[in-house]
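Here's the structure, in C-alpha cells; my notes come after.
Numbering (my numbering), first residue to last: 784 to 1188.
Below is the structure:
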C-alpha cells in the first residue's frame, strides 16, 4: 500500500468529521432562522440559498458515511480490501494478465490455484464457510397430533362429594290407563324400580423429568402438563363409551345401550347406512327419549359424506361448506373411541350424566430418590363417575344393514 492510499477506517474518520461539521452548520443556520422568525424578520434569498447548499452537502456526506459503514460491516471491522470473488481474483492474477497481453494467437492457458482450506470458521477469509454451516432451530416443539374429544360434551355433567352414588331407576312400566264408566272399578298400572349403585374411579398417569430439563427447555413444563391432561381425556372418553364395569373400569354407555332393531312397519329393502341412523332415531323416540346426537368413527362419517347422487353431487353437505357435521337434524360426533362400522345414537343429555369427584389436575413432587437425582415426578389424575339413567335412551349397533334386508 502506498503512502497516499488511505484505508477505509481513515476515510471514515475524515468523512464523519466533515459530516458532523455540515450538521453543525445546518443547525446554526436553522437556529439563526428561528431567532429571526421569532423577531419578525424574513429570511432573505441569500440566506435560503446558503441553507439549501448546506443541506445538500450534509445529505451527500450522510450517504458517504452510510456506504462506509456498510463496507466496514462487510469486512468484519478488519479494514483492508474487499474480499474478491474467484472470477475477480482470476482476471487480476499475473498469470491471466500475461496471457491476455501476449500478442500471439492466444494459445496456451492461464490458471489460478486456490490454496485456501475449507473450514467452519466465520472469519472474513477464503475458505470460511462457517456461516453456511450454522444450524437453524425452529421455535417451539412440534407436538404429536391430539384427537378431538367431544363425547363428554354431549353428556350432562355434575359434581359429587363422595365416591359412592346410588339412584333409583325405573326398570319396567305396565300402563293400564283406560276409560272408566261411572261406578266402575278403575284399572291399575304397575311400575318396577331398581336400586343402582356405582362408584367414582380414578384415571391417572405420571412421568419423570429432570430439573435441568425443566429449567433449560422453554415450554417443556407446559407441554408435559398439556400432554398428561390430554392423556386423561383420551382414557376418559374410552371409558365413557366402552368401560365394562369390572375392577376399576367405569360401566360405559355402550355396554348398557339398547341393541339396534328395526321396528315393525319399516320397510327393510334397500336400506343404507344413512337409513340405519334414521331408524335408530326412531327407536329412541319410540322409547320416549328423542335422540340428541350420533357418535361415529371418523372413517364411517367420511364415507357417508363422500356419498354422491346419480349425477355426482354430494348427498351430505358440500365440500366447501362450513356447517357442523349433522345428519337427520342431529349433530354427528366423530371419535376413534368407537369402532369402525358401529354407531351410537341416543338422548345423551337425558340418558346419562358424568360426575366429577376430583377435577383433572397436575401435581409435581419428589418420589423415592428423585431429590438426590435432580428428578421431578409429574402426576396427572382425575376421579369421575358415570351414571346411565335410561339404557333405552341409547341405541347401539352395526351401521351396515343386515345381509338379506
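The beta-carbon is built from N, C-alpha and C at its ideal position, and this holds for glycine as well.
For residue 1153, which residues of its own chain have a beta-carbon under 8 Å away from its beta-carbon, when the five flanking residues on both sides are left out?
-> In the chain shown, counting from the first residue as 1, residue 1153 sits at position 370. Here the set comprises 991, 1159 and 1160.
Does the Cβ of residue 1064 have 16 or more other Cβ atoms within 10 Å, making it buried, or fewer, making it exposed?
-> The count along the chain shown starts at 1 and reaches residue 1064 at position 281. By the 10 Å Cβ count, residue 1064 comes out buried.
Between the CA atoms of residue 943 and residue 1142 - distance to the nearest angstrom | Indexing the chain shown from 1 puts residue 1142 at position 359. Indexing the chain shown from 1 puts residue 943 at position 160. If you take the alpha carbons of residue 1142 and residue 943, they lie about 11 Å apart.
Looking only at its own chain, which residues have a Cβ that is under 8 Å from the Cβ of residue 1148, when we skip the five neighbours before and after it?
-> Numbered from 1 along the chain shown, position 365 holds the residue referred to as residue 1148. Correct list, in chain order: 1159, 1160 and 1162.
Hey, quick one: how far does the beta strand (DSSP E) through residue 975 stretch, first residue to last?
-> Position 192 of the chain shown, counting from 1, holds the residue named residue 975. Start and end: 973-982.
Enumerate in chain order the residues of its own chain whose CB-to-CB distance from residue 1067 is below 7 Å, with the five nearest sequence positions on each side excluded.
-> Along the chain shown, read from residue 1 onward, the residue named residue 1067 stands at position 284. Only 1073, 1074, 1128, 1129, 1130, 1176 and 1178 meet the Cβ criterion.
Rounded to whole angstroms, what's the CA-CA distance from residue 1027 to residue 969? Just pull it up for me.
-> On the chain shown, residue 1027 is found 244 positions in, with the first residue counted as 1. On the chain shown, residue 969 is found 186 positions in, with the first residue counted as 1. Rounded to the nearest angstrom, the two C-alpha atoms are 44 Å apart.
Just the Cα atoms here: how many angstroms apart are residue 1042 and residue 996?
-> As a working mapping, residue 1042 is identified with position 259 in the chain shown. As a working mapping, residue 996 is identified with position 213 in the chain shown. Cα to Cα, residue 1042 sits roughly 52 Å from residue 996.
From this set, 1058, 1084 and 1033, which residue's C-alpha is nearest residue 1044's C-alpha?
-> By one-based count along the chain shown, residue 1044 stands at place 261. Of the listed residues, the one whose Cα sits closest to residue 1044 is 1058.
What residue does the alpha helix (DSSP H) around residue 1111 start on, and which one ends it?
-> Position 328 of the chain shown, counted from the start, is the residue given in the question as residue 1111. That residue, residue 1111, is in no alpha helix (DSSP H); it is neither H nor E in DSSP.
Residue 968 by DSSP, collapsed to three states: which one?
-> As a first step, residue 968 must be located in the chain shown, where it is residue number 185. Correct three-state label for residue 968: coil.
Buried or exposed: residue 1020, going by 16 or more other Cβ atoms within 10 Å of its Cβ?
-> As a working note, residue 1020 is residue 237 in the chain shown. Buried.
Would DSSP call residue 962 helix, strand or coil?
-> Looking up residue 962 in the chain shown gives position 179. Here residue 962 sits in coil by DSSP.
Please look up how many angstroms separate the CB atoms of residue 1135 and residue 938, rounded, as I've assumed it's under 8 Å.
-> Residue mapping note: residue 1135 aligns to position 352 of the chain shown, counting from 1. Residue mapping note: residue 938 aligns to position 155 of the chain shown, counting from 1. Right, the Cβ-Cβ distance comes to about 5 Å (below 8 Å), so this counts as a contact.
Taking 7 Å as the line, does the beta carbon of residue 804 fall inside it for any heavy atom of the ligand PLP?
-> The ligand PLP is not among the ligands present in this structure, which contains no ligands whatsoever.
Cut-off 8 Å between Cβ atoms - residues of its own chain near residue 1124, not counting five sequence neighbours on either side = Along the chain shown, read from residue 1 onward, the residue named residue 1124 stands at position 341. Counting only Cβ-Cβ distances below 8 Å, and skipping sequence neighbours, we find 1080, 1083, 1181, 1182 and 1183.
What is the rounded straight-line gap between the Cα of residue 1009 and the Cα of residue 1144?
-> Along the chain shown, one-based indexing puts residue 1009 at 226. Along the chain shown, one-based indexing puts residue 1144 at 361. Each residue's alpha carbon lies about 10 Å from the other.
Within 10 angstroms of its Cβ, does residue 1173 collect 16 or more other Cβ (buried), or is it exposed?
-> Taking the first residue of the chain shown as position 1, residue 1173 is located at position 390. With 16 or more Cβ atoms within 10 Å of its Cβ, residue 1173 is classed as buried.
Output the boundary residues of the beta strand (DSSP E) element that contains residue 1059.
-> Residue 1059 sits at position 276 when you count from the first residue of the chain shown. Not the beta strand (DSSP E): residue 1059 falls in the alpha helix (DSSP H), residues 1056-1069.
Looking at the structure shown, is residue 1168 part of a helix, part of a strand, or coil, going by DSSP?
-> In the chain shown, counting from the first residue as 1, residue 1168 sits at position 385. Looking at residue 1168 - three-state DSSP - the assignment turns out to be strand.
Going by CA-CA distance only, name the one from 805, 940 and 804 that's closest to residue 1137.
-> Here the question's residue 1137 lines up with position 354 in the chain shown. The candidate whose alpha carbon is nearest that of residue 1137 is 940.
Could you give the distance in angstroms between the alpha-carbon of residue 1168 and the alpha-carbon of residue 936?
-> By 1-based counting over the chain shown, the position of residue 1168 is 385. By 1-based counting over the chain shown, the position of residue 936 is 153. Looking at the two C-alpha atoms, the distance is approximately 15 Å.
Per-residue burial, residue 1165 [other beta carbons within 10 Å of its own, 16 or more giving buried] | Position 382 of the chain shown, counted from the first residue, corresponds to residue 1165. Classification for residue 1165: buried.
Thinking C-alpha only, which one of 988, 993, 984 and 799 is nearest residue 1146?
-> Residue mapping note: residue 1146 aligns to position 363 of the chain shown, counting from 1. Ranking the options by Cα distance to residue 1146, first place goes to 988.
The beta strand (DSSP E) spanning residue 1135 covers which residue range?
-> Sequence index remark: in the chain shown, residue 1135 carries index 352 (1-based). Residue 1135 -> beta strand (DSSP E) spans 1135-1148.
Alpha-carbon spacing of residue 822 relative to residue 801, whole angstroms | Taking the chain shown and counting its residues from 1, the one referred to as residue 822 is at position 39. Taking the chain shown and counting its residues from 1, the one referred to as residue 801 is at position 18. Roughly 32 Å separates the two Cα atoms.
Closest residue to residue 984 among 1055, 1091 and 946 (Cα-Cα distance) = Position 201 of the chain shown, counting from 1, holds the residue named residue 984. The candidate whose alpha carbon is nearest that of residue 984 is 946.
How long is the line joining the alpha carbons of residue 793 and residue 849, rounded to whole angstroms?
-> Within the chain shown, residue 793 is the residue found at index 10, counting from 1. Within the chain shown, residue 849 is the residue found at index 66, counting from 1. Looking at the two C-alpha atoms, the distance is approximately 15 Å.
How far does the alpha helix (DSSP H) with residue 1039 in it reach, from first residue to last?
-> Counted from its first residue, the chain shown places residue 1039 at position 256. Start and end: 1036-1039.
Using alpha carbons as the reference points, say which of 953, 966 and 971 lies closest to residue 959.
-> Stepping through the chain shown from its first residue, residue 959 is reached at position 176. Comparing Cα positions, the closest option is 971.
Proximity of residue 980 and residue 953 at Cβ, strictly below 8 Å = Reading the chain shown from its first residue, position 197 is the one you call residue 980. Reading the chain shown from its first residue, position 170 is the one you call residue 953. Going by C-beta atoms, residue 980 is not nearer than 8 Å to residue 953.
Outcome for residue 1126 when other beta-carbon atoms lying within 10 angstroms are tallied against a minimum of 16 | Here residue 1126 is taken as the residue at index 343 of the chain shown, counted from 1. Residue 1126 should be labelled buried.
Tell me whether residue 1031 sits in a helix, a strand or coil according to DSSP, three-state version.
-> In the chain shown, the residue the question calls residue 1031 occupies position 248. In the structure shown, residue 1031 sits in coil (DSSP, three-state: anything other than H, G, I, E or B).
Chain-order list of residues whose beta-carbon lies under 6 Å from that of residue 965 (same chain, five-residue window excluded) | Within the chain shown, residue 965 is the residue found at index 182, counting from 1. None.
Whole-angstrom distance between residue 963 and residue 1115, CA atom to CA atom | One-based indexing of the chain shown puts residue 1115 at position 332. One-based indexing of the chain shown puts residue 963 at position 180. Roughly 46 Å separates the two Cα atoms.
Among all the DSSP beta bridges, which residues are the ones paired with residue 1051?
-> Position 268 of the chain shown holds residue 1051. Answer is none; residue 1051 lacks a bridge partner.
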